[in-house]
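Read top to bottom, the protein sequences are chains H and B. Just so you know, the working numbering puts 70 at position 70 of the first sequence, and the rest follows in order with no gaps. Just so you know, the working numbering puts 149 at position 149 of the second sequence, and the rest follows in order with no gaps.
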Amino acid sequence: MKIVIINYGAGNIQSIMFAIERLGFKAVLSNNPEEIKSADKVIFPGVGEASSAMTKLRESGLDSLIPELKQPVLGICLGMQLMCNKTEEGNTKGLGIFDVDVVKFSSNVKVPQMGWNQIYDLKTDLFKGISENEFMYLVHSFYAPNCKYAVATTNYDVEYASALQKDNFYGTQFHPEKSGDVGEKILGNFLKM
Amino acid sequence: MLAKRIIPCLDIKNGRTVKGVNFVDLRDAGDPVELAEIYSSEGADELVFLDISATEERRKTLVNMVRSVAEKINIPFTVGGGISSIEDVDILLNNGADKVSINSSAVKNPQLINDLAQKFGSQCVVVAIDAKQIGGQWIVHLVGGKVPTELNLFDWAVEVAERGAGEILFTSMDNDGTKNGFANEALAKLSELVNIPIIASGGAGNIHHFVDSFKEGKADAALAASVFHFKEIEIKALKQELRNNNIEVRL
């Protein structure tokens, strides 16, 4: 199986590489369109700031490639947010895969949300064998509101979508690669799709 | 609900853990990876590695250690100690660290906080603040609490949050090593003043000190070293007791 992690210079990808290795697979890092298109699974990572990440995607033409992919694609954290219509962070237009707008947490709570929070109302095979209310590791200031694409929900300030799915596209706001054994199982579920 | 975090801190010198550790089942008490694995399996929510080595080779050794930890550990970890530039941070994050902690370098060059937050995102910038009370004022100290600065703890905390820190690790030098509990009053004031997470550090001696740091100190996370290394407190038992006190934890 060929797993490609999209490399566009946004964030810490080493942890995802290692998590995939712990699951017994090997991933390659690439920004080459042909290599990404030919992968069995594509992981779209991202930490950092939305508008500069989007600029990097546009510079390499990946912004038009990603929405066209046919194989299972998993966006993680900022990767998931960039798959949405737009985000309040830097007033940035996203890839428009999920028809939802990413907004900022209010000042009623500490921002960023940092740490372990529960996921519930789990849907799709991404969460096969995963119990409701497991804790996942999250670090983020912006969130996708609950919507028809939500396949996991988390409560912080409001109930929001901590995972999204549409067709072959999946996104998790949490970091499965940093969420202990349960997180690794979710990543494994994705790789088995 | 967002869980309160328990964070063991490991001191690292030349790629090895220092200070005594008291785990009977360790093959090699100095191996940070082995200790990290044990803490992770016991339910630690995060780990902090504090590099205290001063050799020329320190950066290379630290990077190798970070890489080995990231290979094996599936919970987040922070690396601190001697980090003073964007390049330092870049290489640590690229090798698998999730966050970095800066202390003296932020006091000497506060713009570093802005630069790191802009380049890597606030989520990976922890500003560590060591402070103690002098004449009723909480004064920020450097070099492990030896050198006083002109800065007031609360003013500095507000400034680092404004500059883009994602989290504050506050160590009370008055409490550190006493095992008499955390500096809960100062912690609670910090939590009211800034809207980013606060990690309590310094003074953990028993399980109830942790309960107090969350209830009275309103901390988001609590960090300790020796009580974990010497197994005076086991993380599982600690988290169970926190839950018994209606504090949300990941069990």
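Even glycine gets a Cβ: it sits at the ideal position worked out from N, Cα and C.
Identified DSSP bridge partners for residue i
i: S41 of chain B; result: S41 of chain B pairs with nothing; no bridge assigned.
i: I5 of chain H; result: H:L29 and H:I43
i: F170 of chain B; result: B:I129 and B:A200
i: V102 of chain H; result: H:T87
i: K93 of chain H; result: H:K86
i: S101 of chain B; result: B:G80 and B:V126
i: T153 of chain H; result: H:Y120 and H:A161
i: G75 of chain H; result: H:F44 and H:G171
i: P176 of chain H; result: Answer is none; P176 of chain H lacks a bridge partner.
i: G177 of chain B; result: Paired residue(s): none; G177 of chain B is not in a bridge.
Whole-angstrom distance between residue j and residue i, CA atom to CA atom
i: M83 of chain H; j: G96 of chain H; result: 6 Å
i: V100 of chain H; j: N95 of chain B; result: 33 Å
i: E37 of chain B; j: I83 of chain B; result: 25 Å
i: L23 of chain H; j: A225 of chain B; result: 31 Å
i: V158 of chain B; j: I196 of chain B; result: 10 Å
i: D167 of chain H; j: A97 of chain B; result: 33 Å
i: V28 of chain H; j: G135 of chain B; result: 58 Å
i: H208 of chain B; j: E216 of chain B; result: 11 Å
i: E89 of chain H; j: V109 of chain H; result: 17 Å
i: I13 of chain H; j: K56 of chain H; result: 16 Å
i: K179 of chain B; j: V227 of chain B; result: 9 Å
i: N31 of chain H; j: F44 of chain H; result: 11 Å
i: K146 of chain B; j: G177 of chain B; result: 15 Å
i: V63 of chain B; j: I91 of chain B; result: 7 Å
i: F142 of chain H; j: G79 of chain H; result: 12 Å
i: V194 of chain B; j: N85 of chain H; result: 31 Å
i: E241 of chain B; j: R67 of chain B; result: 34 Å
i: L191 of chain H; j: W156 of chain B; result: 46 Å
i: Y137 of chain H; j: Q113 of chain H; result: 10 Å
i: M54 of chain H; j: E34 of chain H; result: 20 Å
i: A165 of chain B; j: K72 of chain B; result: 28 Å
i: G9 of chain H; j: L62 of chain H; result: 12 Å
i: V33 of chain B; j: M65 of chain B; result: 8 Å
i: A54 of chain B; j: D11 of chain B; result: 13 Å
i: Q81 of chain H; j: Y149 of chain H; result: 13 Å
i: G30 of chain B; j: H229 of chain B; result: 12 Å
i: L35 of chain B; j: Y160 of chain H; result: 36 Å
i: L93 of chain B; j: F135 of chain H; result: 24 Å
i: F182 of chain B; j: P148 of chain B; result: 21 Å
i: E59 of chain H; j: S51 of chain H; result: 12 Å
i: L153 of chain B; j: V111 of chain H; result: 20 Å
i: H141 of chain B; j: F98 of chain H; result: 48 Å
i: G80 of chain B; j: Y39 of chain B; result: 18 Å
i: S85 of chain B; j: T87 of chain H; result: 30 Å
Member of the options whose CA lies at the smallest distance from the CA of residue i
i: S213 of chain B; options: B:S226, B:A225, B:I198 and B:V227; result: B:I198
i: Q292 of chain B; options: H:K128, H:V139, H:T124 and H:W116; result: The first residue shown for chain B is 1 and the last is 251, placing residue 292 of chain B beyond what the model contains.
i: I7 of chain B; options: B:D28, B:G43, B:V33 and B:G15; result: B:G43
i: D51 of chain B; options: B:N103, B:D45 and B:I113; result: B:N103
i: F174 of chain H; options: H:A19, H:E59 and H:W116; result: H:W116
i: G203 of chain B; options: B:V194, B:V160, B:L223 and B:L193; result: B:L223
i: N189 of chain H; options: H:V158, H:Y149, H:F142 and H:K123; result: H:K123
i: S191 of chain B; options: B:F182, B:S41 and B:A219; result: B:A219
i: I186 of chain H; options: H:P112, H:D125, H:Y120 and H:V158; result: H:D125
i: Q118 of chain H; options: H:A152, H:G94, H:N85 and H:G129; result: H:A152
i: S64 of chain H; options: H:V47, H:G94 and H:G48; result: H:G94
i: G144 of chain B; options: B:R163, B:K60, B:S201 and B:A161; result: B:S201
i: C9 of chain B; options: B:F49, B:A3, B:L2 and B:S41; result: B:F49
i: S131 of chain H; options: H:Q113, H:I16, H:S60 and H:V182; result: H:V182
i: K128 of chain H; options: H:F98, H:M193 and H:T87; result: H:M193
i: Q111 of chain B; options: B:K99, B:E150, B:A70 and B:E162; result: B:E162
i: N3 of chain H; options: H:L74, H:S51 and H:R58; result: First, the residue type needs correcting, since residue 3 of chain H is Ile and not Asn in the sequence shown. Per the Cα distances, H:L74.
i: G205 of chain B; options: B:K189, B:E57, B:E232 and B:E185; result: B:E232
i: E167 of chain B; options: B:A117, B:N175 and B:K132; result: B:A117
i: D157 of chain H; options: H:N146, H:A150 and H:Q81; result: H:N146
i: Q133 of chain B; options: B:E56, B:L151, B:N14 and B:G80; result: B:L151
i: F105 of chain H; options: H:T154, H:N133, H:D121 and H:Y120; result: H:T154
i: N14 of chain B; options: B:E56, B:L238, B:N244 and B:E87; result: B:E56
Supposed close pair residue i, residue j - CB separation, criterion 8 Å
i: R16 of chain B; j: E46 of chain B; result: That pair is no contact at about 21 Å.
i: F18 of chain H; j: M1 of chain H; result: The Cβ separation is near 17 Å, so there is no contact.
i: A163 of chain H; j: V102 of chain H; result: Incorrect: roughly 14 Å between the Cβ atoms, too far for contact.
i: V211 of chain B; j: I247 of chain B; result: 7 Å
i: I76 of chain H; j: G48 of chain H; result: About 12 Å separates the two Cβ atoms, so there is no contact after all.
i: V107 of chain B; j: V100 of chain B; result: Incorrect: roughly 16 Å between the Cβ atoms, too far for contact.
i: I113 of chain B; j: V160 of chain B; result: 6 Å
i: A188 of chain B; j: W138 of chain B; result: A188 of chain B to W138 of chain B, Cβ: 13 Å. No contact.
For the region 56-73 of chain H and the region 24-43 of chain H, state whether three or more C-beta atom pairs, one from each stretch, are separated by less than 8 Å.
-> Between the region 56-73 of chain H and the region 24-43 of chain H there are three or more inter-stretch CB-CB distances shorter than 8 Å, so the stretches are counted as touching.
When the Cβ atoms of the region 125-134 of chain B are set against those of the region 158-174 of chain B, are three or more pairs found closer than 8 Å?
-> The answer is yes - the region 158-174 of chain B touches the region 125-134 of chain B, with three or more Cβ pairs under 8 Å.
Between the region 171-181 of chain H and the region 71-78 of chain B, do at least 3 Cβ pairs fall closer than 8 Å?
-> Of all C-beta pairs linking the region 171-181 of chain H to the region 71-78 of chain B, three or more are shorter than 8 Å, placing the two stretches in contact.
Looking at chain D, which residues of the region 98-126 of chain H have a Cβ within less than 9 Å of any of its Cβ atoms?
-> Considering every chain present, this structure includes no chain D. Its protein chains are H and B.
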